[in-house]
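Working notes, beginning with the structure itself.
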Amino acid sequence: MMYRVLIVDDEAWVVESLTRTIPWTDEGFEVVATAESGDAALAAIKRLSPDLALVDIRMPGMSGLDLVRESRTRGHRCEFIMVSGYAEFAYAQRALQYGVTAYCLKPVEADELVTILRRVKRSFRRSAFGAPAVSEVVASTADLEDGSPLLQLFHSQHAEALSNGPLRVLVHDHRREPDRALEKVALISTSIGGAYRATVVTQEGYASYLDESDRQGTDSLPVGVSAPVEDVAALHGAILEAILAAKHAFMGSSDTLVEFERTSDPSALRAALHRIEAAIGSRSPAGLDHGFDELRKVVATNKYDALHAGFIYNSVIYFLEGIDVERHEPLAEYEDLVDLYGDVQRMLTHLHGLCRETVAAEDPDRPAGSERIDEVVRYVEANFADRITLDELTRRFAMSASHLSRSFKRRTGQTITEYLAACRVEYARQLLETTQIAIGQIAEEVGYDSYFYFARVFKRVTGETPSTYRSHNAPAFPPEEADPD
């Protein structure tokens, strides 16, 4: 199955570049249309019903975020990747509210976008097995005139509940044990995304659930609870509130029932981060220790959420890399932070260690972060036979995909994919020159599952097929198998 893609940017050359340079078909996508304005894009979404839209965040007239909001309001089921030449925390918050899938910074690196596309494709496949994305739930609750099944169900079965007081949304992880107490008071329950389930209850039902939970005890996995809402039209916002509350465990909460609260003023958070930035600039280990101690206290004593965790992570990483955080801020995925660290304090400990390593570097004139690019290069050279991906490298070396890709190319003159292929081909040349190992086995030795693909890469790099190269450069060995056509 090919997923349908719409590309939207007010600069024609960007549209042309994205259309031609990304291996859409290889990744399971088909570009069905392009548009150079938000209005044209909205018409294309209505006409073609694409699965995914790649959208510039800033365009004359209708902006990218306006396009997403209008699309959601009209009930179109399309996922969005926002492309931006800059990023700001406020835009990230708004994008989350509208259900944007991912951010990608200009200039768009093919490796980075392919990584995002693969993640989106996995999400689509999960959705096909009965777990609609959060954005689909948001779209289905965003417009009272939409006639969506969720709204119809509410109006037909729960008209009295709607008129008798506020509603709450509770969100919990699918891995949580079945909650009989919650099932008793649920008005409706539905899957959202691949991992969560949302349940809508009345305020009275929520009070009963609290009493029952106190008596029976609760599962260790948290339940996020929205603020009360007065009508069904506000449910899409309540769902997002409950999701943020459910994710609050990463920020250090040990509660298993977490009610949504407005987050604290981030000024104290920004002040601590500025101290860390100054300590990196002055190469002061003591300043770093002081800054991270302050950051830990600020996080522990204020109400921050998963968005703030991503903001902290990206800010520190970009301080290390010498990049203006106000202009470049692709958000770290919450799930990635959980996988890497488990909780925010472990994340801060790791970031503190990275900062100390940079400050302690022997060459004070060397740009911050370049040592880690050297580490990436050495890692690729030592492990080229393994399945190395951009995802793995960004996690292992705590760098954003876009900056890692650009810095790697500045350091080596090649993309990561090109450098990896060069390492593999160089080792293959050595084996072809000095051994009688079969070419198919050499392909496996250097990291290729496909003999045919290895032969194509080898010829692209060297200008010769493996067997021709062996015949020209190796001692007389017994006849070898022919290359694939």
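Numbering-wise, numbering that gives the first Met the number 0 puts 303 at position 304 of the sequence shown, and it's gapless, one number per residue. In this text, a Cβ means the ideal position worked out from N, Cα and C, and glycines have one as well.
Asked, Found
"Per-residue DSSP class, three states only, for A52", "strand"
"Pair within 8 Å by beta-carbon distance, D55 and V82", "yes"
"Among R57, T33, E293, nearest to L47 - alpha-carbon criterion", "T33"
"Residues near E15 by beta carbon distance below 7 Å, same chain, minus five either side", "none"
"C-alpha distance - L350 paired with E432, whole-angstrom precision", "45 Å"
"Within 8 Å, strictly: CB atoms of E240 and R117", "no"
"Environment of A141 [buried if 16+ CB atoms lie within 10 Å]", "Any reading at A141 is ruled out, since the residue's pLDDT is 38, under 50, leaving its predicted position unreliable."
"Cα-Cα separation, F453 to R371", "29 Å"
"Of the residues Q440, A384, G412, F249, the one placed nearest M346, counting alpha carbons only", "F249"
"Option nearest E488 by Cα separation, candidates V170, L256, T189", "The first residue shown for the chain is 0 and the last is 484, placing residue 488 beyond what the model contains."
"Spatially closest choice to E35 from L272, H289, D110, G60, by CA coordinates", "G60"
"Residue burial classification, R469 (beta-carbon count within 10 angstroms, cutoff 16)", "buried"
"When Y340, R274, V228, S188 are compared against P165, the one with the closest alpha-carbon", "V228"
"Endpoints, the alpha helix (DSSP H) within which E29 is located", "Segment 28–34 is the beta strand (DSSP E) holding E29; no alpha helix (DSSP H) there."
"Euclidean distance between Cα positions of S314 and L272", "7 Å"
"Secondary structure of V7, DSSP reduced to three states", "strand"
"Endpoints, the beta strand (DSSP E) within which G256 is located", "Note that residue 256 is Leu in the sequence shown, not Gly. Note, L256: beta strand (DSSP E), 256–258."
"Under 8 Å between C-beta atoms of G223 and L169", "yes"
"N-terminal and C-terminal residue of the alpha helix (DSSP H) that S466 is part of", "465–472"
"Rounded straight-line distance, which links the Cα of C103 to that of M58", "16 Å"
"Element boundaries [beta strand (DSSP E), containing A454]", "No beta strand (DSSP E) holds A454; the alpha helix (DSSP H) holding it covers 450–461."
"Beta-ladder partner(s) of V224, from DSSP", "L169, E258"
"Cβ pair L5, A52 closer than 8 Å", "yes"
"Other residues of its chain near I441: CB distance less than 6 Å, five sequence neighbours each side excluded", "A427, L430"
"Reduced DSSP category for V137 - H, G, I as helix; E, B as strand; rest coil", "For V137, the predicted structure reports a pLDDT of 39, less than 50, and the residue's modelled location is therefore unreliable. The matter cannot be settled from this model."
"Contacting residues, own chain, Cβ-Cβ under 6 Å from G63 (five flanking each side not counted)", "V54, D55, I56, M81"
"E111 vs L389 beta-carbon contact at 8 Å", "yes"
"Sub-8 Å separation of T414 and K408 beta-carbons", "yes"
"Selection from T411, V445, P265 that minimises the alpha carbon distance to V424", "V445"
"Spatially closest choice to A359 from D288, A299, T198, by CA coordinates", "D288"
"Neighbour-count burial assignment, V137, 16 or more Cβ in a 10 Å radius", "Because V137 carries a pLDDT of 39, less than 50, the predicted location of this residue cannot be relied on, and no value is offered for it."
"Q156, DSSP secondary structure in three states", "Confidence at Q156 is low in this model, with a pLDDT of 49, below 50, so the placement of that residue is unreliable and no value is reported for it."
"Cβ neighbours of D364 in the same chain (closer than 7 Å, five flanking residues each side left out)", "Note that D364 has pLDDT 47, beneath the 50 cutoff, so the model's placement of it is unreliable and the number below is only indicative. Cβ neighbours of D364 beyond the five flanking positions: none."
"Cβ-based neighbour list, L294, same chain, cut-off 6 Å, excluding 5 preceding and 5 following", "A271"
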